[in-house]
Structures are given as C-alpha cells and as structure tokens.
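In the numbering used here, the protein residues as written are 25 to 432. Ideal Cβ positions, reconstructed from N, Cα and C, are used throughout, including at glycine. Okay, structure first, notes after.
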C-alpha cells in the first residue's frame, strides 16, 4: 500500500521531473561552456590531429597546436597512451568545439546507458529508480567527466559491456570489451586478475590478445618513435608530475602529500624514503586483499558480481593517478551493494553505502581550489588536505564493503 495520497505522489513525480530537467540543463551547459576552454580533451584531440597530419603525437607539435586553439592556455602536453590518438581520430575531423560537444553527448548517452543497465540488472525497484535517475544528472563525477572531456565514461561503458557479456556466458565478448578499455587507459588491465582467479581462460586470452593486437596496429600506425617517447619518458613523467597532485584520488595521491612537501601542501612528516616504501606496500595490500576477496566471492551467482566489480575501486586505488571522473565506473558496484542491503534489511550496510556515496560525490576540484586560495601564499596543512581526500576514503569504504558483502 502506498503511504502517500495521490496528490502527493503527483507532486513527488513533478519534483523528480524538475530535478531531472535541471540536471539535463546543467549537463548541457557544462558541455557547451567547456567546449570553449582548454581541458583534458585537448591532449587527445591534438594527438589525433597530429597523427592525421603525420606529426608526432607527443612533444612540441602537441603544445604548438594547443596554443593555436587556446592562446592563453598553460603549456599542454599529451600524457595519454598512444592508442588514444587513434581512438580520438574520428573526433579530430571536426572543429574543436564541435568535437568536444559530440564527444560529450555520446559520453552522456553512455552514462545513462550504464545507469539503466545497472538499475535493471540489480532489480532496483521502480520507486528507487525514480529517485536515482534524476539525481544522477546532478552527480559531481559526471560533471568532472563532461567538463574535462575525458574518456572515463567510455572506459566505464566498455567495462559494463564486458560484465554484461560475462554474465551471459560470452567470454569472448567480455574479454574483447575489457581489452579495449585497457587500451584506452591501462588500469582496467587489473580485470585480468578477475579472469585469472575465476578461471575464465577464454576471456583472459581474448582480453590479452585484444590488447596485443590493438597495440601492434597502433605501433604500426603511429610508429616506434612515439611509442618509445611514451613508454620511456611520458609514462614516468606523468607519475612524477601528477602523482602527488592534490586532486589525485589514488593511494599515491593520498599518501605522497602526507610524506613529502608538494607545490600546494605541507606533509605530516617529510620522509621521501618512507614514501617509496609505503605507497607500493599499500598497493600490494589492496592487490592481495582484492585477490583473496575474488576467490571467496566467485562461488555463487550473487557474489560473483561483487567479485567482478571489486576490481573497479581496487584499480582506482592502485593506479598511480586517478581522477574523480573515473568514479562513474563505481555505479554498478554501488547499486549491487544497495540490492544486497535491501534484500537483507541491513541498515548498517545502507548507512556505510550512503557515506561512500556522499564522499565520492564531493566536488574535490572546487574544494581544493577554495583551500589553496584560502591558505595562499602558504601551503595547505596536511590535516586540512585530508578533507580533499574524502572521495578517496569513499572509494576505500566502497572497496571494503564489497570485500565483506558475502559475510553479511
């Protein structure tokens, strides 16, 4: 029996409609506004443009073209894997602003698809769907992804496609989808651990072969010089320059500023030697705990989903660099926990999930800018810096909930 009278239900529906409409307007505004300024999208667009014109996808050619697009922009370099130049090649055929809008309209459509698939697969009630759908359009990580023009939503879509295929018993399609996601950014390669421990050999082989074939074709198309530049220079520089950045949501981004001074923060203790030990140790702990959880979770159809999705918070934490726009990939995991908590009437689990959701929804970009401006010209103290790391703590809490899901 519905506890609300009909007039109230209609008012609630109207409220959801208004929230959804507001979200759609804000998403559209974000896409259009950020199409006029430099963002992460410039790296891949410039790399694809350089490839199209027979130039290097790294180095001066990228910076020069970026300055032509945005004369007032800071120096822009391409730190992304070589395959991205090929992946973004179709978008480079359009003027920059048009390409940015098209890319993000597709990304927004993929986001809605990810949400809808997850809602349906985890048996979410119609009432809960009516709440989640409009509110999702106001979610901070979505705006981070749309504003930067990053490929995170595309990566999440490939991972969801791999999960759906795996659920249907199609290991070839599952491995293919995860393999493509790994070609765009390397950290989805951690799904090889899931395929290995669950003995999904066909998926593991397909994933590996997809990566090898795609990168072999990329090597032939882009050339050995640019591959050498990326793997011998850009990959390490990316970690050195951005690993301790205040917005890095990985374990590296949490621990490095606590152990060494950065451009914006003062550490808890200044000990670079301890940093070199503690960060890899934390990553190994996450890896081993994730592996043990997968072995325990992959016993039934219910917990096998948890075994798959525990990879996502683990890869965010273990990657040297993770930004909040990749949190989109956590949607299925959060809905999985929601389903499990509601089925078992576990209010504690629901409370922990809400804490995780609130934490990963914090717009850390604006919070970091506020704190840096507040303390300028001094650095942000370490204990204040930790407030910017609330999204990272949210990912850790979500990861722990997935580990313990079969123990409840």
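Exercise. Would DSSP call residue 148 helix, strand or coil?
Worked result: coil
Exercise. Which value, in whole angstroms, describes the spacing of the CA atoms of residue 389 and residue 203?
Worked result: 30 Å
Exercise. Does DSSP put residue 289 in a helix, in a strand, or in coil?
Worked result: strand
For this session: Please classify residue 429: is it buried, with 16 or more other beta-carbons within 10 angstroms of its beta-carbon, or exposed?
Result: buried
Exercise. When you compare only the Cα positions, how much space is there between residue 234 and residue 224?
Worked result: 15 Å
Problem set entry | residue 125 - DSSP class collapsed to helix/strand/coil | helix
Exercise. Identify the residues that DSSP records as bridge partners of residue 404: which are they?
Worked result: 289
Exercise. How many Å lie between residue 34 and residue 153 at the Cα?
Worked result: 16 Å
For this session: Establish whether the CB of residue 179 and some CB of chain C are separated by less than 8 Å.
Result: Here chain C cannot be found, since the structure has a single protein chain.
Problem set entry | Three-state secondary structure (DSSP) of residue 426 | helix
Exercise. How many Å lie between residue 356 and residue 138 at the Cα?
Worked result: 8 Å
Exercise. Between residue 133 and residue 72, is the Cβ-Cβ spacing less than 8 Å?
Worked result: no
Exercise. Taking the alpha carbon of residue 126 as the point to measure from, which residue in 94, 142 and 171 has its own alpha carbon closest?
Worked result: 171
Exercise. For residue 223, does the three-state DSSP call read helix, strand or coil?
Worked result: coil
Exercise. What is the C-beta distance between residue 250 and residue 69, in whole angstroms, given that I count them as a contact (C-beta under 8 Å)?
Worked result: Their Cβ separation, rounded to whole angstroms, is 16 Å, which puts residue 250 and residue 69 out of contact at 8 Å.
Exercise. Going along the chain, which residues of its own chain have a beta-carbon closer than 8 Å to the beta-carbon of residue 89, five neighbours each way excluded?
Worked result: 70, 73 and 74
For this session: Express the C-alpha separation of residue 257 and residue 237 in angstroms, rounding to a whole number.
Result: 23 Å
Problem set entry | CA nearest to the CA of residue 285, picked from 402, 322, 123 and 259 | 402
For this session: Note down the Cα distance separating residue 45 from residue 55, rounded to an integer number of angstroms.
Result: 15 Å
Exercise. Do residue 383 and residue 415 have their C-beta atoms within less than 8 Å of each other?
Worked result: yes
Problem set entry | Exposure of residue 140, with buried meaning 16 or more beta-carbon neighbours within 10 Å | exposed
Exercise. Rounded C-beta distance between residue 352 and residue 169? I'm assuming under 8 Å.
Worked result: 6 Å
Problem set entry | residue 187: first and last residue of the uninterrupted alpha helix (DSSP H) it sits in | 176 to 191
Problem set entry | Where residue 133 falls: helix, strand or coil (DSSP) | helix
Problem set entry | Chain-order list of residues whose beta-carbon lies under 7 Å from that of residue 441 (same chain, five-residue window excluded) | The question about residue 441 has no answer, for the chain in this structure spans 25 to 432.
Problem set entry | CB-CB length for residue 281 against residue 103, believed under 8 Å | The Cβ separation is near 20 Å, so there is no contact.
Exercise. From which residue to which residue does the alpha helix (DSSP H) around residue 378 run?
Worked result: 371 to 384
For this session: Could you check if residue 200 is buried or exposed, using at least 16 other CB atoms within 10 Å of its CB as the buried criterion?
Result: buried
Problem set entry | Residue of 354, 124 and 341 minimising C-alpha distance to residue 332 | 354
Problem set entry | Alpha-carbon to alpha-carbon, residue 395 and residue 359 | 32 Å
For this session: Examine the Cβ distances between the stretch 296 to 314 and the stretch 339 to 353 and report whether three or more of them are shorter than 8 Å.
Result: yes
Problem set entry | For residue 114, the nearest candidate out of 142, 123 and 288 (CA to CA) | 123
For this session: Kindly indicate which residue of 192, 191 and 179 has the alpha-carbon position closest to the one of residue 213.
Result: 179
Exercise. Do you know offhand how far residue 28's Cα is from residue 164's?
Worked result: Since pLDDT at residue 28 reaches only 47, below the 50 mark, its modelled position is unreliable, and the value read off the structure follows with that caveat. C-alpha separation (whole angstroms): 31 Å.
Exercise. Distance, Cα to Cα, residue 190 vs residue 151?
Worked result: 28 Å
Problem set entry | DSSP state of residue 26 mapped onto helix, strand, coil | Here residue 26 scores only 49 on pLDDT, less than 50, and its place in the model should not be relied on; the value that follows carries that caveat. Note: residue 26 maps to coil in three-state DSSP.
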